[in-house]
Amino acid sequence: MLANMALSRPCSGAGADGLRRRAAPAARLAPVNGLAGGVMGRGGAGVKLVAARPMSVVARAAWDRRVGWPEASSAPADEKNVFDGSAVPGINNLVTSTVGKSTNILWHDCPIGQPERQKLLNQKGCVVWITGLSGSGKSTLACALSRELHSRGHLTYVLDGDNLRHGLNKDLSFKAEDRAENIRRVGEVAKLFADAGLICITSLISPYRSDRSACRKLLPGSSFIEVFLNVPLEVCEARDPKGLYKLARAGKIKGFTGIDDPYETPSECEIVIQCKAGDCPSPKSMADQVVSYLEANGFLQK
Numbered sequence: 001m002l003a004n005m006a007l008s009r010p011c012s013g014a015g016a017d018g019l020r021r022r023a024a025p026a027a028r029l030a031p032v033n034g035l036a037g038g039v040m041g042r043g044g045a046g047v048k049l050v051a052a053r054p055m056s057v058v059a060r061a062a063w064d065r066r067v068g069w070p071e072a073s074s075a076p077a078d079e080k081n082v083f084d085g086s087a088v089p090g091i092n093n094l095v096t097s098t099v100g101k102s103t104n105i106l107w108h109d110c111p112i113g114q115p116e117r118q119k120l121l122n123q124k125g126c127v128v129w130i131t132g133l134s135g136s137g138k139s140t141l142a143c144a145l146s147r148e149l150h151s152r153g154h155l156t157y158v159l160d161g162d163n164l165r166h167g168l169n170k171d172l173s174f175k176a177e178d179r180a181e182n183i184r185r186v187g188e189v190a191k192l193f194a195d196a197g198l199i200c201i202t203s204l205i206s207p208y209r210s211d212r213s214a215c216r217k218l219l220p221g222s223s224f225i226e227v228f229l230n231v232p233l234e235v236c237e238a239r240d241p242k243g244l245y246k247l248a249r250a251g252k253i254k255g256f257t258g259i260d261d262p263y264e265t266p267s268e269c270e271i272v273i274q275c276k277a278g279d280c281p282s283p284k285s286m287a288d289q290v291v292s293y294l295e296a297n298g299f300l301q302k
């Protein structure tokens, strides 16, 4: 069946290599009457896919020997594996990877990449990561910065911590492990926006240096711009826009940053915006400070 399988059209410009890549997942499956069994389904124009049932180790080894594939190995989690698709006409050896709990995955490159998208948008994709205590003005700055960049013809997107907990991160609490996962997810999403050529603005307390550092490492070069709103706790507590400090002081909220949970100030941030009691810059002046940095470092092209 595999030899006669009709292959779907690859992405425009992918050529023969793209054809081989798209064929690989279907080629790994055993036929309906083979050892794995399965249910026939329709996948795209003229492509029949097999939803294979899990095979035992013995059955998998037997099937691999039957079709000429190499036997599975107990390679380390980060090691790449070579898939020998010589049994299927038109498919060469492909290198697959294991990342986390995902096995046998293959990175697919498309002809339109970040440089092409950046040229189209006339800007360089990056992540502006705004961090600070609750009530320091992170969301206010994020919106002011987005408005200022938009007025100059630049495309942005704001990832606000509270907004993301309405959807993407609604399954996470404020315990340490969930906070770490919250920041990891936002970092990965921000990385995608930057790769798309957008100026992604994140607004999160993100209290731990290790979590912010992990997000920085996701992006190449100087594309991660950390902005620290250095606002004293007493100023933030006096503002208390959501009434959270009062609840934390009353013991009704546990693990609240600045009260009974630490905030680790940045040690390698690109921009520090200082605010003191009775002397805080306006949202517009804070946004202008970030815009000046973006201009000086080539992220805004004219």
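In UniProt numbering, the protein residues as written are 1 to 302.
In this text, a Cβ means the ideal position worked out from N, Cα and C, and glycines have one as well.
Quick one: what does DSSP say residue i is sitting in, helix, strand or coil?
| i | result |
| --- | --- |
| C280 | coil |
| V231 | coil |
| L159 | strand |
| residue 349 | Given a span of 1 to 302 for the chain in the structure shown, any question on residue 349 remains unanswerable. |
| N104 | strand |
| L172 | coil |
| L94 | strand |
| D178 | helix |
| R165 | coil |
| D261 | strand |
| I183 | helix |
| L121 | helix |
| Q274 | strand |
Please return the same chain residues whose Cβ sits closer than 7 Å to the Cβ of residue i, not counting the five positions on each side in sequence.
| i | result |
| --- | --- |
| A196 | R117 and G125 |
| R185 | L168 and N169 |
| N122 | Q301 |
Considering only residues of the same chain and omitting the five flanking positions on each side of residue i, which have a CB-CB separation below 6 Å?
| i | result |
| --- | --- |
| N104 | T96 |
| L247 | I253 |
| I259 | A248 |
| F299 | K124 and C126 |
Would you list the residues sitting across from residue i in a DSSP beta bridge?
| i | result |
| --- | --- |
| C215 | According to DSSP, C215 bridges with nothing at all. |
| E226 | W129 |
| S203 | I130 and D160 |
Considering only their Cβ atoms, is the gap separating residue j from residue i smaller than 7 Å?
| i | j | result |
| --- | --- | --- |
| residue 315 | A287 | Absent from the model: residue 315. The displayed extent of the chain is 1 to 302, so no value can be given. |
| S213 | K138 | no |
| P241 | T140 | no |
| Y157 | C215 | no |
| S206 | I183 | yes |
Closer than 8 Å by C-beta to residue i: which residues in its own chain qualify, once you throw out the five before and the five after it? Chain order, please.
| i | result |
| --- | --- |
| Q289 | I271, I273 and P281 |
| S134 | I205, C236, K242, L244, Y245, F256, T257 and G258 |
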